[in-house]
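The sequence shown: position 231 = 230 (numbering that gives the first Met the number 0), numbered continuously. Beneath this line is the structure, given in structure tokens, with notes to follow.
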Amino acid sequence: MHTEKTNLTNNNESHQSGRGDDFTVVNPYFDSQPLVDVPDGNKPVPLGSGVVTRILGHGGMANVYEIWNSQLEIHKAVKLMHPSAGKGCLERFQTEIKICAKLSHPNIVEIHSVGEWHGLPYIEMERLEGITLESLLSRRGSLTPAEVIAVGILICRGLDFAHNHEYQLYGNNYHGVVHRDLKPGNVMLCLNGQVKIMDFGIARPLDASLHTIDGTVVGTLQYLSPEQLNNGTLDVRTDIYALGELLYEALCGKQAFPEKNISALLNDKSKNRFPSLSDFHTGAPKELINLIHRSMSRDRETRVSSAKEYGKTLKKIGDKLGITDPQDIIRKILQSTSPKTNLQSHKRSHTMPIVAATLSLIVTITFIAVIFLQKSNMRQSPVSADTSYTNENDIKKAVASSATAPTANTESSPIKNAPIIKPNQKNYLGEKFKIVKKKLLRP
């Protein structure tokens, strides 16, 4: 594997090597064989500070799980490295951990802790409640100009912090981080109105050499800048280009460069050949369209120079549209999209055992009551035919119809010589059942 001058491994979840009109995927995980089966998300396996409740996503290098921390009574997310990943991926994963831990900002996902699970490194981070921009666009198709501006302003805040943050890494001082893989799938719109940038898996210090192996492309093809596709030197304007593509897609609902072929992408991006946003009749002001087009320029010198400038320009456009609080717009998006469905299902998952046990107890108490009344009838009444309860299904039917049970029918009775439950006893049983049920289910 290629090593950069600063000993930062230059790997990616998918390495595409150009081969004429096609590209091949180079597997970077050949250094070792799987040593342990990772959680499948279906069992409450201990991981990090809690237990696994489900799997949130798969990647070439790692899986992301949701865990439940019972002590704090909160969900968290854990990114666990694949056991099949090799040494190069391990170095990259460790770099991601170190970089993310140094980026504390409201618009960047927060890291809580790190550790190992059966020898596999993991990152434990905040569990974001909301929806990725990718999922939102798949549901809605596109966003309004005001929504696009709000999303863009909040992303710019996170990028501006990352691009200008000073920190130490592997004993060296650095100024700024370039994300290199900004796309709708790596942006989360949260219930609290924030927008979070996620997955710094291929992020690198701005001061480090960011050249890649000749013919090797690192990142998600459709959102890569021309300099990434041409193995050029990267800087903050690389992320500006990706942000432009992201906002383009959010505004019109279409990728600017949907091609899957690396040669076609190189050809179109080198010529700035993509449909103008004006062709989609989005209702966006001309200033917004021009800003997005400018940020997608093949020439870095003509792009917006920084995330800070990008954010300020978006704010000026937003002011004309009456946008005063970008987070309020995000909250309204989430309210109309109802991403709480998954959150509610998680909460139900923790109470389901209690509900099941309660219902089981109700059925048991009812069964005991039925037996008690049957014995009472055997002592007090002559034997005749009636509806009898011989299995669990019959017991459930009895519970459902205890207050309005039909009168005895000798000819249709499944078992003869069964004791009769008199109407007044049925009413008594029904009332007692209601009382027991009410008490057991009381919050």
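Ideal Cβ positions, reconstructed from N, Cα and C, are used throughout, including at glycine. All of these numbers come straight from a predicted model, not from anything done at the bench.
Backbone secondary structure at residue i - three-state DSSP
i	result
SER112	strand
VAL63	strand
LYS97	helix
ILE322	coil
PRO144	helix
HIS162	helix
LEU228	helix
LEU223	coil
LYS42	coil
LYS195	strand
LEU181	coil
Member of the options whose CA lies at the smallest distance from the CA of residue i
i	options	result
LYS268	SER296, GLU65, CYS251 and ALA306	SER296
VAL35	CYS99, SER83, GLN70 and VAL77	SER83
VAL186	LYS331, TYR169, GLY129 and LEU71	GLY129
ILE107	GLN227, ASP238 and GLN193	GLN193
ALA76	GLN93, ILE96 and VAL51	VAL51
LEU448	PRO45, GLU72 and ILE73	Within the shown structure, residues of the chain are numbered from 0 to 442, placing residue 448 beyond reach of any answer.
ASP180	ASP206, LEU135, TYR173 and LEU233	LEU233
GLU72	ARG126, GLY59, ASN230 and ASP298	ARG126
LEU168	PRO105, CYS99 and GLY140	CYS99
Straight-line gap, residue i to residue j (C-alpha atoms, nearest Å)
i	j	result
ARG138	LEU245	16 Å
THR143	LEU265	30 Å
PRO27	LYS331	Confidence is the limiting factor: at PRO27 the pLDDT is only 34, short of 50, which leaves the residue's position unreliable and the question unanswerable from this model.
LEU153	LYS307	11 Å
LEU102	PHE160	8 Å
GLY19	SER262	Because GLY19 sits at a pLDDT of 33, beneath the cut-off of 50, its placement in the model cannot be relied upon, and the following sentence gives the value as read from the coordinates. The straight-line gap from Cα to Cα measures roughly 7 Å.
ILE212	ALA61	Confidence at ILE212 is low in this model, with a pLDDT of 48, below 50, so its placement is unreliable and the value that follows should be read with caution. Roughly 23 Å between the two C-alpha positions.
GLN326	PRO120	34 Å
PHE256	PHE273	7 Å
GLY49	THR219	32 Å
VAL113	ASN68	15 Å
SER304	ASN41	47 Å
TYR309	ILE148	11 Å
GLU95	ILE201	7 Å
LYS259	TYR222	11 Å
ARG236	SER275	21 Å
HIS345	LEU55	Any reading at HIS345 needs caution, since the residue's pLDDT is 39, under 50, leaving its predicted position unreliable; the model's value is listed next. Spanning the two alpha carbons is a distance of roughly 12 Å.
CYS155	HIS174	17 Å
Buried/exposed call for residue i, threshold 16 Cβ in 10 Å
i	result
ASP198	buried
ILE110	buried
LYS315	exposed
SER294	buried
TYR247	buried
PRO204	buried
LEU313	buried
GLY243	buried
GLY170	exposed
GLN227	buried
SER224	buried
LYS270	exposed
PRO405	Confidence in PRO405 is poor, its pLDDT being 39 and thus under 50, which makes the residue's placement unreliable; the coordinate value appears in the next sentence. The residue is exposed, with fewer than 16 neighbouring Cβ atoms inside 10 Å.
Bridge-paired residues (DSSP) for residue i
i	result
TYR169	Bridge partners of TYR169: none, in fact.
CYS189	GLY129
VAL176	PRO204
ILE54	TYR64
ALA76	GLU65 and MET124
LEU119	TRP116
ILE107	ILE196
Near the ligand PLP: residue i beta-carbon under 8 Å from a heavy atom
i	result
TYR169	What this structure holds is no ligand at all, so the ligand PLP is not there to describe.
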